[in-house]
Amino acid sequence: MPYLQLFAASIPLSALILIRFMHFNYGQALLQAAGIVGSFLAGLWTSMIIYRAFFHHLNKFPGPWPLKLTKFSQLISLWGLDGFPLGDYEARITNYTHELLEKISTFSGKPMNASAWFNYFSFDVMGDFAFGKSFNMLKTGRMHFAIQWLESSMILLGLFSPISWAIPIGAIAPIVGRNFRRFIHWCAEQVDERRLSEPKVPDVTSWLLKAAEDRGDREATKWLHGDSRLLIVAGSDTVAIVLTHLSYYLAINPTHVHKLREELEPLMRRGGQPFSVRDVQNAKHLNAVINETLRMHPPVPSGVFRTTPKQGIIVDGVFVPGGANVTVPFYVIGRSGECFVRPNEFIPERWYSQPELVKEKDAHAPFSLGPYGCIGKQLALMEIRTVVSLLISRFDVKLAPGEDGGKFLGNSRDAFTLRMENLNLVFEERKAA
Ligand code: HEM
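FYI, in my numbering the residues of the sequence shown are 874 to 1306.
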């Protein structure tokens, strides 16, 4: 800071010297002084850039070129001036949300299967992000054939997960693994097709391709095929599961709808401006209903496996030997009385105004933690916040006649992600909306 102050003072100081000793007038003195300081800066920056580009001791590390030269380039990308992807993701998510709401509105108060429609929404979004094109399930109101293949494979994945060594065998088995292979093949085709035409607005594949190019990765195609599948599997069901369960709780407990409206409506009233998820991202009750849904219905109920280190680990005083597969099941933890008071009750307020109902805050990690934790957490939250905010501003929600949620809650199965049973809900357009 003192250097900056000194530097800022150097122009008027030089000007004063020029006026006093060389008899310049004010204008000439200032111009001359600015010229001297400008030449000094130009020389300094040029030598710094040459040094950083060719001689710096960290110069060999791979990374974007502009970042080697100046950290300002990072600032520009963080501020979104070079097309930072989140702004674009937000627009796409809002568009798909509007498409979903239009579909809901066509049911004009008749029952609809919320499990299916939230799935159509979340798969369309991920199709767009992974392959640059939607699965068009919201448009057609039907499950895309590739997603049917995936769904049938996921059921098998869930069944076999206790004997995980059987999964690769199942994947190559003639009949059992057929649909999984079809899905893999189809995803690979989409990626290859997508690679032939770069979309105007970058999608996730653009970033994966760029990363592969920067690394000079010859195996890029193999990884890209795998990543595209991973994105669809990891990013679609999960979001739909949260949206469906959350809607169930709103349907059986309208108090939360009222609370959400009270909280969100002032935030969303932006003088004719279109909805922006940024306006609601810190809304306490909104985030609390999302957290409470994730606690009670984690989309990956059994969690993910980790192998213990060679020397083993001690968990709660119990020694677990090295090389063992262990997991922390999110569902069990979320329902544990040791971690949460009244664990089987949906009480979003525990996440802000009633913290005494949370005994172990750290026990809540539905996106998992650490270097392998979910990379899509922020995207997922963006989707869920957008849908919930826009949905409840336009519709009232209740259970369809004959629906009590019993089958939905009781019969949905753990198949790595949760396989949801149907949930029939009625969304009625609000008169005031
Ligand atoms: C509510 C929604 C979601 C939940 C609850 C969730 C949860 C999880 C969990 C528990 C994992 C395992 C992490 C681990 O092994 O430690 C995971 C991984 C992953 N998730 Fe999500 N996820 C959600 C949404 C998304 C979305 C929208 C995307 C899309 C970009 C996504 C992409 C991924 C990917 C690519 C991985 C694998 C990361 C890796 O292996 O390094 N997820 N997610």
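Every residue, glycine too, gets a C-beta built ideally from N, C-alpha and C.
Collapsed DSSP secondary structure at residue i in the structure displayed
i       : result
Arg1088 : helix
Thr967  : helix
Asn1052 : helix
Arg893  : helix
Asp1076 : coil
Ser883  : helix
Asn1126 : coil
Asn986  : strand
Lys1095 : helix
Phe1268 : strand
Trp918  : helix
Ser1262 : helix
Gln878  : helix
Arg1015 : coil
Lys941  : helix
Gly1043 : helix
Ser1007 : coil
Asn898  : coil
Phe980  : coil
Gly911  : helix
Cys1247 : coil
Lys1304 : coil
Leu954  : Summary for Leu954: the model assigns pLDDT 40, below 50, so the residue's position carries little reliability, and this model does not support an answer.
His1058 : helix
Glu1071 : coil
Proximity test, residue i beta-carbon vs the ligand HEM heavy atom, cut-off 6 Å
i       : result
Ile1248 : yes
Thr1013 : no
Glu1061 : In the sequence on display, residue 1061 carries Ala and not Glu. No, the Cβ of Ala1061 stays beyond 6 Å of every heavy atom of the ligand HEM.
Ser1226 : no
Pro1202 : no
Gly1283 : no
Val1112 : yes
Ala1288 : no
Ser1241 : yes
Gly1108 : yes
Leu1252 : yes
Tyr993  : no
Tyr1121 : no
Beta-carbon gap between residue i and residue j smaller than 7 Å
i       : j       : result
Asn1045 : Val1130 : Position check: residue 1045 holds Ile in this sequence, whereas Asn was assumed. No; because the gap between Cβ atoms is not below 7 Å, this pair is not in contact.
Val1150 : Thr970  : no
Ala1113 : Asn986  : no
Pro1216 : Pro1171 : no
Ile1257 : Val1074 : no
Leu1029 : Gly1043 : yes
Trp906  : Ser920  : In the sequence as presented, Trp is not what sits at residue 906; that position holds Ala. No. Outside cutoff.
Arg1267 : Leu1081 : no
Ser1026 : Asn1009 : no
Leu942  : Ile922  : yes
Val1153 : Leu1137 : yes
Glu1294 : Phe1281 : yes
For residue j and residue i, the rounded distance between their alpha carbons
i       : j       : result
Ile1277 : Glu1062 : In the sequence under discussion, the amino acid at residue 1277 is Asp, which differs from the Ile named in the question. Near 42 Å, if we compare the C-alpha coordinates of Glu1062 and Asp1277.
Glu1211 : Lys1232 : 7 Å
Gly1005 : Arg1067 : 7 Å
Asn1284 : Trp1059 : 30 Å
Phe957  : Ser1079 : A caution first: Phe957 carries a pLDDT of 41, below 50, which makes its placement in the model too unreliable to give a value.
Ala1124 : Phe1178 : 35 Å
Gly900  : Lys1157 : 57 Å
Glu1222 : Val1191 : 35 Å
Trp938  : Phe928  : 14 Å
Tyr1122 : Val1270 : 10 Å
Leu1298 : Ser981  : 12 Å
Gly1031 : Leu1104 : 18 Å
Ala882  : Arg965  : 49 Å
Ala1288 : Ile1186 : 28 Å
Trp1038 : Gly1099 : 19 Å
Ala1253 : Gly1108 : 7 Å
Gly1176 : Thr1290 : 9 Å
Gly953  : His1237 : Legend: pLDDT at Gly953 = 44, less than 50; position of this residue unreliable, no value from coordinates given.
Ser1226 : Ser978  : 34 Å
Val1173 : Arg925  : 46 Å
Phe897  : Leu891  : 6 Å
Ser1070 : Val1064 : 10 Å
Glu972  : Arg1054 : 31 Å
Lys1012 : Ala1273 : 23 Å
Arg1292 : Ala1003 : 22 Å
Thr1200 : Leu1140 : 40 Å
Phe1203 : Ser1241 : 9 Å
Considering only residues of the region 1184-1244, which uninterrupted beta strand (DSSP E) runs meet the minimum length of 3 residues and lie entirely inside it, listed in chain order?
With a minimum length of 3 residues, the unbroken runs of beta strand (DSSP E) contained wholly in the region 1184-1244 fall at 1186-1188, 1191-1193 and 1198-1200.
_List, from N- to C-terminal side, the alpha helix (DSSP H) runs of 4 residues or more that fit wholly inside the region 1133-1183._
1157-1169
Exercise. Mind pulling the alpha helix (DSSP H) runs of 4 or more residues that sit fully within the region 1278-1302?
Worked result: 1279-1284
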